[in-house]
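*Asks:*
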Ligand code: XMP
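Numbering (our numbering), first residue to last: 826 to 1338.
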């Protein structure tokens, strides 16, 4: 965005994302940037106010995170939260000390009567706030006043009213701070003079204008999977550049039953000319004889790239590649996070190699999954599409244990359709994050009628999750599970046993491979 009214510097608190969420819910657009963002880059966003987030470190630690000190001299209104408060105190000459004991939990905020503080507008003394800190302010810097205290924190909120600098020891962004949203909104409205005019409609308009300006009359390649994110990106681009969008949908032969038809029908309804590439034989041929999960993923990832490269060469003037990268994907790579181990090589169209020299367009980089859904509705995407469960790039290949064959893919597709039907019929589809079946390639003995059977096993996997990073198995009523099991065994030839996965993540992952 050209103008970002509030910039949030991220010092690594697990709550930073919530600051952005609360402000945007209040109609105030903001962006989160790493704590060490260069001052020129912050200035380029033309902010009207800065928020310093919390963080796990102590300001006195050897490797403590410090921002470019120029931000304190910009003359902009500033709000420090927890670690952010300690940074402000330290910079302006106050004293921060380790607390005798860590304060964690609810506290009552008591206003200092002598200051009529606009940041507390429409909230009252005695409100409950959420504390979670080790260090605390012991002596205020010159020019700062106490504006509120709590039982355990003499300086629960402080301010330099002349400089418009405020700081809270507590976390207004968390659910348990009962007036927290109002406090953040007050900072934006009364201290920074930012009006609450932002909404998904204005976001869409701005993104469309940005894309138009950036792309001009060049072409943009966009990989479409049928999932929410790539569909929203394609729709935004189509609004912006019309037929200069080249949307490519690769049928790798690993889609669910009727999925290709559904995706094609949806794009038709949106009046976007989708290019479907049928690469079934290519993918299944390369997967022949492969049983190792990582090898399967690598082969699929590489084959996607080959298909894209081939398709791109058929069009002139493609200079850009659009991707549905979300904020949650970006935050993983922000500098305050340490390196993490590869559990699975996740891939989507994003993992393109250097030799594909497209410039990237990522219009969803700053927003969250549920905001993407709201944006999709704004752009006229159908509701059933917006609510679809996530589906992995490698498709059904990672839901067949061992070698992927057309026989096993049939078992998977047929059992998956039954499970989805039953979930929807019982009003449970929207309550779970993801639900699917897995073909285990384990044979067991059964009895049907008077006959012995010796057939394959299907596992039903249903999880509840907020972001896919952690998950719990869904507590589905037993009668629904029973119906799913009975129907799969009766209707899918080749399955005589159905099991339910009761593993959460961690220690399991959501997909089986
Ligand atoms: P796991 O199995 O790692 O999955 O717990 C977490 C979420 O990510 C999805 N997933 C993928 N999505 N490409 C994707 O686009 C992939 O390679 C991939 N692998 C897993 C999975 O379905 C779940 O929602």
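Each residue gets a CB set at the ideal place from its N, CA and C atoms; glycine is no exception.
Taking the alpha carbon of residue 1118 as the point to measure from, which residue in 1226, 1073, 835 and 1142 has its own alpha carbon closest?
*Replies:* Residue numbering aside, residue 1118 sits at position 293 when the chain shown is read from its first letter. Closest by alpha carbon: 1226.
*Asks:* Starting from the Cα of residue 1012, find the closest Cα among 1255, 1132, 943 and 1130 and give me that residue.
*Replies:* Within the chain shown, the letter at position 187 stands for residue 1012. Selected option, being the one with the closest Cα: 943.
*Asks:* Classify residue 1009 as helix, strand or coil using the three-state DSSP reduction.
*Replies:* Translated into positions along the chain shown, residue 1009 becomes position 184. Of the three classes helix, strand and coil, the one that applies to residue 1009 here is helix, per DSSP.
*Asks:* Output the distance between the C-alpha atoms of residue 1032 and residue 920, rounded to the nearest integer angstrom.
*Replies:* As a first step, residue 1032 is located in the chain shown; it is residue number 207 there, counting from the start. As a first step, residue 920 is located in the chain shown; it is residue number 95 there, counting from the start. Rounded to the nearest angstrom, the two C-alpha atoms are 44 angstroms apart.
*Asks:* Can you say whether residue 978 is buried or exposed, counting buried as having 16 or more other CB atoms within 10 angstroms of its CB?
*Replies:* As a working note, residue 978 is residue 153 in the chain shown. Residue 978 comes out buried.
*Asks:* Taking the beta strand (DSSP E) that residue 1032 belongs to, which residues open and close that run?
*Replies:* Against the chain shown, residue 1032 aligns to sequence position 207. Counting along the chain, residue 1032 falls outside any beta strand (DSSP E), though it belongs to the alpha helix (DSSP H) covering 1025-1040.
*Asks:* Return the CA-CA distance between residue 1099 and residue 1139, expressed in angstroms with no decimal places.
*Replies:* Numbered from 1 along the chain shown, position 274 holds the residue referred to as residue 1099. Numbered from 1 along the chain shown, position 314 holds the residue referred to as residue 1139. Roughly 15 angstroms separates the two Cα atoms.
*Asks:* How long is the line joining the alpha carbons of residue 1130 and residue 933, rounded to whole angstroms?
*Replies:* Within the chain shown, residue 1130 is the residue found at index 305, counting from 1. Within the chain shown, residue 933 is the residue found at index 108, counting from 1. Going from the Cα of residue 1130 to the Cα of residue 933 covers about 56 angstroms.
*Asks:* For the alpha helix (DSSP H) holding residue 845, just list the boundary residues, first then last.
*Replies:* For the purposes of this step, residue 845 is taken as residue 20 along the chain shown, with counting starting at 1. Residue 845 -> alpha helix (DSSP H) spans 841-850.
*Asks:* Pull up the distance between the alpha-carbon of residue 1045 and that of residue 871, whole angstroms please.
*Replies:* The count along the chain shown starts at 1 and reaches residue 1045 at position 220. The count along the chain shown starts at 1 and reaches residue 871 at position 46. When rounded, the distance between both Cα atoms is 29 angstroms.
*Asks:* Between which residues of its own chain and residue 889 is the CB-CB distance below 7 angstroms, once the five residues before and five after are set aside?
*Replies:* Taking the first residue of the chain shown as 1, we reach residue 889 at position 64. These residues qualify, in order along the chain: 882 and 883.
*Asks:* In this structure, does DSSP put residue 952 in helix, strand or coil?
*Replies:* Here residue 952 refers to the residue found at position 127 of the chain shown. DSSP places residue 952 in coil when its eight states are reduced to three.
*Asks:* Report the three-state DSSP secondary structure of residue 1069 (helix, strand or coil).
*Replies:* Walking along the chain shown from the start, residue 1069 turns up at place 244. The answer is helix: DSSP assigns residue 1069 an H, G or I state.
*Asks:* Tell me which residues share the same chain as residue 841 and place their Cβ nearer than 7 angstroms to its Cβ, disregarding the 5 neighbours each side in the sequence.
*Replies:* Within the chain shown, residue 841 is the residue found at index 16, counting from 1. If we look at residue 841 and ignore the five residues flanking it on each side, its Cβ neighbours are 833, 835, 857 and 878.
*Asks:* Given this structure, state the Cα-to-Cα distance separating residue 1070 from residue 860, to the nearest angstrom.
*Replies:* For this step, residue 1070 is matched to residue 245 along the chain shown. For this step, residue 860 is matched to residue 35 along the chain shown. Taking the straight line joining both Cα atoms gives about 36 angstroms.
*Asks:* Consider the C-beta atom of residue 1334 and the heavy atoms of the ligand XMP; say whether any pair is separated by less than 7 angstroms.
*Replies:* Locating residue 1334 in the chain shown gives position 509, counting from the first residue. Checking the Cβ of residue 1334 against the ligand XMP gives yes.
*Asks:* Can you look up residue 1260 in the DSSP assignment and give me helix, strand or coil?
*Replies:* Within the chain shown, the letter at position 435 stands for residue 1260. In the structure shown, residue 1260 sits in a strand (DSSP, three-state: E or B).
*Asks:* Mind pulling the beta strand (DSSP E) runs of 3 or more residues that sit fully within the stretch 1178-1251?
*Replies:* With a minimum length of 3 residues, the continuous beta strand (DSSP E) runs that stay inside the stretch 1178-1251 are 1184-1186.
*Asks:* According to DSSP, what are the bridge partners of residue 983?
*Replies:* Position 158 of the chain shown holds residue 983. Paired residues: 971 and 992.
*Asks:* DSSP three-state call for residue 909: helix, strand or coil?
*Replies:* As a first step, residue 909 must be located in the chain shown, where it is residue number 84. Helix, per DSSP.
*Asks:* Roughly how many angstroms separate the alpha carbons of residue 1064 and residue 980, rounded to a whole number?
*Replies:* Locating residue 1064 in the chain shown gives position 239, counting from the first residue. Locating residue 980 in the chain shown gives position 155, counting from the first residue. Cα to Cα, residue 1064 sits roughly 51 angstroms from residue 980.
*Asks:* So does the stretch 959-973 actually touch the stretch 1000-1010, counting three or more Cβ pairs closer than 8 angstroms?
*Replies:* No, the stretch 959-973 does not touch the stretch 1000-1010.
*Asks:* Could I get the ranges of all uninterrupted alpha helix (DSSP H) runs contained in the stretch 1106-1142, with 4 residues as the minimum, in chain order?
*Replies:* Entirely contained in the stretch 1106-1142, the alpha helix (DSSP H) runs reaching 4 residues are, in chain order, 1118-1138.
*Asks:* Counting Cβ pairs, one atom from each stretch, are 3 or more of them under 8 angstroms apart for the stretch 1036-1050 and the stretch 1013-1027?
*Replies:* No, because fewer than three Cβ pairs between the stretch 1036-1050 and the stretch 1013-1027 fall closer than 8 angstroms, the two stretches do not touch.
*Asks:* In chain order, what residues of the same chain lie with their CB nearer than 7 angstroms to the CB of residue 1324, ignoring the 5 residues before and after it?
*Replies:* What you label residue 1324 is simply residue 499 of the chain shown in a count that begins at 1. Answer for residue 1324: 1282 and 1284, listed in chain order.
*Asks:* Could you name the residues that DSSP lists as bridge partners for residue 1322?
*Replies:* Your numbering for residue 1322 matches position 497 in the chain shown. 1282, per the DSSP bridge assignment.
*Asks:* For a test of the three-state rule: what should DSSP assign to residue 1056, helix, strand or coil?
*Replies:* Translated into positions along the chain shown, residue 1056 becomes position 231. In the structure shown, residue 1056 sits in a helix (DSSP, three-state: H, G or I).
*Asks:* For residue 1330, verify whether its CB is less than 7 angstroms away from any heavy atom of the ligand XMP.
*Replies:* Against the chain shown, residue 1330 aligns to sequence position 505. Yes, the Cβ of residue 1330 comes within 7 angstroms of a heavy atom of the ligand XMP.
*Asks:* Let me check you understand the geometry: is the CB of residue 1122 closer than 7 angstroms to at least one non-hydrogen atom of the ligand XMP?
*Replies:* Along the chain shown, one-based indexing puts residue 1122 at 297. Yes, the Cβ of residue 1122 comes within 7 angstroms of a heavy atom of the ligand XMP.
*Asks:* Within a Cβ cutoff of 8 angstroms, which residues of the same chain sit near residue 1292, ignoring the five residues on either side of it in sequence?
*Replies:* Locating residue 1292 in the chain shown gives position 467, where the first residue counts as 1. If we look at residue 1292 and ignore the five residues flanking it on each side, its Cβ neighbours are 1153 and 1194.
*Asks:* By Cβ distance below 8 angstroms, which residues in the same chain neighbour residue 1305 in space, the five residues on each side in sequence not counted?
*Replies:* Position 480 of the chain shown, counted from the start, is the residue given in the question as residue 1305. If we look at residue 1305 and ignore the five residues flanking it on each side, its Cβ neighbours are 1247, 1248, 1251 and 1253.
*Asks:* Contact defined as beta carbons within less than 8 angstroms: I believe residue 914 pairs with residue 962. What is the distance between those atoms, to the nearest angstrom?
*Replies:* Within the chain shown, residue 914 is the residue found at index 89, counting from 1. Within the chain shown, residue 962 is the residue found at index 137, counting from 1. About 5 angstroms separates the two Cβ atoms, so the contact holds.
*Asks:* Distance check for residue 1223 and residue 1234, CA to CA, integer angstroms please.
*Replies:* Sequence index remark: in the chain shown, residue 1234 carries index 409 (1-based). Sequence index remark: in the chain shown, residue 1223 carries index 398 (1-based). If you take the alpha carbons of residue 1234 and residue 1223, they lie about 11 angstroms apart.
*Asks:* Go through its chain and collect everything with a Cβ distance to residue 1265's Cβ below 6 angstroms, but skip five positions before and after it.
*Replies:* The residue labelled residue 1265 in the question sits at position 440 within the chain shown. So the qualifying residues of the chain are 1226, 1282 and 1284.
*Asks:* Thinking C-beta only, is residue 880 closer than 8 angstroms to residue 916?
*Replies:* Translated into the one-based positions of the chain shown, residue 916 becomes position 91. Translated into the one-based positions of the chain shown, residue 880 becomes position 55. In this structure, residue 880 does not lie closer than 8 angstroms to residue 916 by Cβ.
*Asks:* My output table needs one value for residue 1161: the three-state DSSP class, helix, strand or coil.
*Replies:* If you number the chain shown from 1, residue 1161 lands on position 336. Here the model assigns residue 1161 a pLDDT of 42, short of 50, so the residue's position is not dependable, and the following value carries that caveat. Residue state, collapsed to three classes: coil.
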